[in-house]
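Numbering (this note's numbering), first residue to last: -18 to 269.
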């Protein structure tokens, strides 16, 4: 390792270059080998030799490049965009490597954050603060110079968007992410940074938003219950409010808890909506 460089990850995996000089390469196959990650570079070592990618050369992440069946059958791989094209990497321990990889790209960056920018639907008079970020297995955590600690759980992202806002004295790119605090209050946190850092952070948070999107079939009863909770009806009052059997509501709560649409507060299934559940309930109301 070079001075100031330290290893972050070391695993086995497969890799290949799928785009070169702007053209997709269709007749390619995976190379198996070793994938090493430091805070400075990514090293891909296979039987054909070693390739080094400086982290500063990575322009963006994401996208599927299923140019042939050998690539299309791999569910999880990283698409790394560099000046010479696109490299795909499929590490054996994808989830663990993903944390290390995004951490290498983001943990040393400086950010500005407004937290909470919105709480319970009400805009807050908070200021932008210098912040440092840490990528963790299930969350992105931020600490501001003012002493605030912000945890954005990746499976609790209701919505995320990017745009431009005035940040201190300049108009800059900003990520607006909806999530919940420990009490279940809906929050929005605004995050700004360099264009490159915001691009990488958006890719990570967008994965969280996709994770939080429901894939279960929502019945009319499901939607009625979520809408009632969204409107402020207490969980214990749901059976009387909707004319449902108590056991039926308990079973419904169990299913919604399993699918991470609501969070259990007490053993008797007092529940509260999280960001994901609020998003579904809001859509259900708009459909009416």
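For glycine and all other residues, C-beta sits at the position ideal for the given N, C-alpha and C.
query                                                                                                                                                                     : result
Answer with buried or exposed for residue 255, where buried requires no fewer than 16 other C-beta atoms within 10 angstroms of its C-beta.                               : buried
Let me know the secondary structure DSSP gives residue 239 once reduced to three states.                                                                                  : helix
So residue 83 packs on residue 222, CB below 8 Å; how close in whole Å?                                                                                                   : Their Cβ separation, rounded to whole angstroms, is 43 Å, which puts residue 83 and residue 222 out of contact at 8 Å.
Helix, strand or coil for residue 89 per DSSP?                                                                                                                            : coil
Take the Cβ of residue 228 as the centre, count every other Cβ of all protein chains shown within 10 Å, and call the residue buried at 16 or more, exposed below.         : exposed
Residues in its own chain within less than 6 Å of residue 0 by CB, not counting five upstream and five downstream?                                                        : 66 and 67
Would a C-beta distance cut-off of 9 Å place residue 93 and residue 39 closer than the cut-off?                                                                           : no
Classify residue 259 as buried or exposed, calling it buried when 16 or more other Cβ atoms lie within 10 Å of its own Cβ.                                                : buried
Indicate the three-state DSSP secondary structure (helix, strand or coil) for residue -6 in the structure shown.                                                          : strand
Go ahead and label residue 215 buried or exposed: buried means 16 or more other beta carbons lie within 10 angstroms of its beta carbon, across all protein chains shown. : exposed
Does the region -13 to 4 come close enough to the region 17 to 32 that 3 or more CB-CB pairs lie under 8 Å?                                                               : yes
Reducing DSSP to helix, strand and coil, say where residue 145 ends up.                                                                                                   : strand
Give a yes or no on whether the C-beta atoms belonging to residue 189 and residue 244 are separated by under 9 Å.                                                         : no
Run the CB neighbour count on residue 160, radius 10 Å, all protein chains shown included, and call it buried at 16 or more, exposed below.                               : buried
For the alpha helix (DSSP H) that residue 72 lies in, which residues bound it at each end?                                                                                : Element bounds for residue 72: not the alpha helix (DSSP H) but the beta strand (DSSP E), 66 to 72.
Just checking my contact of residue 61 with residue 80 at CB under 8 Å: how many whole Å lie between their CB atoms?                                                      : That belief does not hold up - the Cβ atoms of residue 61 and residue 80 are roughly 16 Å apart, past 8 Å.
Over what stretch of residues does the alpha helix (DSSP H) that includes residue 296 continue unbroken?                                                                  : This structure does not reach residue 296, given that the chain is present from -18 up to 269, and the question cannot be answered.
Express the C-alpha separation of residue 116 and residue 213 in angstroms, rounding to a whole number.                                                                   : 34 Å
Name the residue from 5, 91 and 28 whose alpha carbon lies nearest to the alpha carbon of residue 179.                                                                    : 91
Which whole-angstrom value is the C-beta distance of residue 202 and residue 233, which I expect to be below 8 Å?                                                         : 7 Å
Please list, in chain order, all residues of the same chain as residue 109 whose beta carbon is under 6 Å from its beta carbon, the five residues on each side excluded.  : 93, 95, 148 and 149
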